[in-house]
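Student: Numbering (the working numbering) for the sequence shown: 42 to 358.
Ideal Cβ placement from N, Cα and C applies to all residues, glycine included.
Mind having a look at this structure? Questions to follow.
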Amino acid sequence: MANKLLLAGLALLAGLVLLVQWRATARETRAEATHPPVGELIEIDGVTVHAAVRGEGPDVVLLHGASGNLRDMTFSLAPRLAGNYRVIAFDRPGLGYTDRLGDDAASLRAQADLLSRAAARLGADKPIVMGQSYGGAVALAWAVHFPDRLSALVPVSAVSNPWESDLSLFYRITSSRLGSLLAVPVLTAFVSQNRIESVLEDIFAPQEPPEGYGDHIGTGLTLRRVSLRANADQRAALLDEIRALHTEYGRIDVPTEIVHGTADTTVGLSIHSEKLVDQIEGATLARLPGIGHMPQHAAQDLVAAAIDRAARRAGLR
Numbered sequence: 042m043a044n045k046l047l048l049a050g051l052a053l054l055a056g057l058v059l060l061v062q063w064r065a066t067a068r069e070t071r072a073e074a075t076h077p078p079v080g081e082l083i084e085i086d087g088v089t090v091h092a093a094v095r096g097e098g099p100d101v102v103l104l105h106g107a108s109g110n111l112r113d114m115t116f117s118l119a120p121r122l123a124g125n126y127r128v129i130a131f132d133r134p135g136l137g138y139t140d141r142l143g144d145d146a147a148s149l150r151a152q153a154d155l156l157s158r159a160a161a162r163l164g165a166d167k168p169i170v171m172g173q174s175y176g177g178a179v180a181l182a183w184a185v186h187f188p189d190r191l192s193a194l195v196p197v198s199a200v201s202n203p204w205e206s207d208l209s210l211f212y213r214i215t216s217s218r219l220g221s222l223l224a225v226p227v228l229t230a231f232v233s234q235n236r237i238e239s240v241l242e243d244i245f246a247p248q249e250p251p252e253g254y255g256d257h258i259g260t261g262l263t264l265r266r267v268s269l270r271a272n273a274d275q276r277a278a279l280l281d282e283i284r285a286l287h288t289e290y291g292r293i294d295v296p297t298e299i300v301h302g303t304a305d306t307t308v309g310l311s312i313h314s315e316k317l318v319d320q321i322e323g324a325t326l327a328r329l330p331g332i333g334h335m336p337q338h339a340a341q342d343l344v345a346a347a348i349d350r351a352a353r354r355a356g357l358r
């Protein structure tokens, strides 16, 4: 009897594992079918990088935040800028259609190195670099470690300075070895549309997501196992990386236009940009009253104006 119960339990467990893997694979396949690459796939030392290029003029690179992809930038900001600039939006490593870097190789510096070389491959040797949220931290690493590979810097709602709160339980689980193996496939398989919409509302608060935004970015791409794991690893390592990076901002000597909403509760203005503006010589800070974490949508004209100011200061316009 005991052996039969054990075998039945193992059979049930195997069935659940197969169900999770089947459903996760089906959702990933559907996400990729409905939201295929929208730009070029280029190879940098064996790593595939996805880039969408639009417009003509001075080069501007756009870097999206955590749990996103370049479609966040192509929703409306890239088309808005393309009348005056040659805009390059990248998928960061492991997100969208850019390959995931190894668990120990996806640092801010490694991402900046990869994407700056990809920009150069596309003919943008010294672009203006705009990064939002986590992408802002990558942009700062780009300016610190590769100062000859950009002409100006525009951090938007950027993670830039150390904070006190602990890593959330979600990221503690998904970045752990066991959580990556067990929890991540369950999330891919079963996260509901209502939960996705709730997360988007939290990210945009106090504003609302623009109509059609969720459909455009393809939230299912972020829920793929490779992207959940890449994002979790990057987020788990971020605080230690920022502790090391923030002492180097004095080395940044390109025109820097910082943009941050006063109502941002995801990346707090006082913890980050209000310190950053004093850490980079000549930097300016545009405080956006009442704007939350997504100024590239909620205050797009002001973000575009910051890019224009950076271009003028760099002698590009």
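Note down the Cα distance separating R158 from I85, rounded to an integer number of angstroms.
Tutor: The count along the sequence shown starts at 1 and reaches residue 158 at position 117. The count along the sequence shown starts at 1 and reaches residue 85 at position 44. Those two C-alpha atoms are separated by around 7 angstroms.
Student: Just tell me which of L286, P77, E97, R190 has its CA closest to the CA of A119.
Tutor: For the purposes of this step, residue 119 is identified with residue 78 of the sequence shown, where counting begins at 1. Of L286, P77, E97, R190, the residue nearest in Cα terms is E97.
Student: Helix, strand or coil for R265? Go by DSSP, reduced to three states.
Tutor: Position 224 of the sequence shown, counted from the start, is the residue given in the question as residue 265. DSSP places R265 in coil when its eight states are reduced to three.
Student: Throw me the rounded Cβ distance for the Y367 and I321 pair, which I believe falls under 8 angstroms.
Tutor: The requested residue 367 does not occur in the structure, where the chain is confined to residues 42 to 358.
Student: State the Cα-Cα distance for the pair A184 and L228, rounded to the nearest angstrom.
Tutor: The count along the sequence shown starts at 1 and reaches residue 184 at position 143. The count along the sequence shown starts at 1 and reaches residue 228 at position 187. Distance between the alpha carbons of A184 and L228: 35 angstroms.
Student: Excluding the 5 residues preceding and the 5 following Q275 in the sequence, name in chain order all residues of the same chain whose CB lies nearer than 6 angstroms to its CB.
Tutor: Counting from one through the sequence shown, the residue named residue 275 turns up at place 234. Around Q275: A147.
Student: Which residue from V267, V102, A160 puts its Cα closest to that of Q173?
Tutor: One-based indexing of the sequence shown puts residue 173 at position 132. From the listed residues V267, V102, A160, the smallest Cα separation to Q173 is found for V102.
Student: Which ranges would you report for the alpha helix (DSSP H) in the segment 262 to 303 if only whole runs of at least 4 residues count?
Tutor: Runs found: 266 to 286.
Student: On the premise that A72 lies in contact with R236, defined as a C-beta separation below 8 angstroms, what is that separation, rounded to the nearest angstrom?
Tutor: Locating residue 236 in the sequence shown gives position 195, where the first residue counts as 1. Locating residue 72 in the sequence shown gives position 31, where the first residue counts as 1. Wrong, their Cβ atoms sit about 15 angstroms apart, outside the cutoff.
Student: Under a Cβ-count criterion, where at least 16 other Cβ atoms within 10 Å of its own Cβ denotes burial, should S216 be classed as buried or exposed?
Tutor: For the purposes of this step, residue 216 is taken as the residue at position 175 of the sequence shown. That one is buried.
Student: Can you tell me whether D100 is buried or exposed, with buried defined as 16 or more other CB within 10 angstroms of its CB?
Tutor: For this step, residue 100 is matched to residue 59 along the sequence shown. Classification for D100: buried.
Student: Check each candidate in L136, D140, G220, V94 and name the one with the smallest Cα separation from L163.
Tutor: Reading the sequence shown from its first residue, position 122 is the one you call residue 163. Out of L136, D140, G220, V94, V94 has the C-alpha closest to the C-alpha of L163.
Student: Taking 8 angstroms as the cut-off, does the segment 325 to 341 touch the segment 296 to 307 (at least 3 CB pairs, one atom from each stretch)?
Tutor: A contact exists between the segment 296 to 307 and the segment 325 to 341.
Student: Helix or strand or just coil, what does DSSP make of A159?
Tutor: Residue 159 sits at position 118 when you count from the first residue of the sequence shown. Helix.
Student: Entirely within the segment 105 to 157 and at least 4 residues each: give me those alpha helix (DSSP H) ranges in chain order.
Tutor: 112 to 115, 118 to 122
Student: Below 8 angstroms, how does it come out for the segment 63 to 72 and the segment 249 to 268: are there three or more Cβ pairs, yes or no?
Tutor: yes
Student: Kindly indicate which three-state DSSP category I244 falls into: helix, strand or coil?
Tutor: Counting from 1 along the sequence shown, the entry for residue 244 is found at position 203. Note: I244 maps to helix in three-state DSSP.
Student: Check each candidate in W204, V179, G135 and name the one with the smallest Cα separation from L310.
Tutor: Taking the first residue of the sequence shown as 1, we reach residue 310 at position 269. For the residues W204, V179, G135, the minimum Cα distance to L310 belongs to W204.
Student: With DSSP as the reference, please indicate the residues paired to L335 in a beta bridge.
Tutor: Your numbering for residue 335 matches position 294 in the sequence shown. A small fix is needed here, since residue 335 is Met in this sequence, not Leu. According to DSSP, M335 bridges with nothing at all.
Student: Report the residue from A224, G137, S233, D294 whose alpha carbon sits nearest the alpha carbon of L210.
Tutor: Here the question's residue 210 lines up with position 169 in the sequence shown. Nearest of A224, G137, S233, D294 to L210, Cα basis: A224.
Student: Name the one or two DSSP bridge partners that D305 has.
Tutor: As a working mapping, residue 305 is identified with position 264 in the sequence shown. None, per the DSSP bridge assignment.
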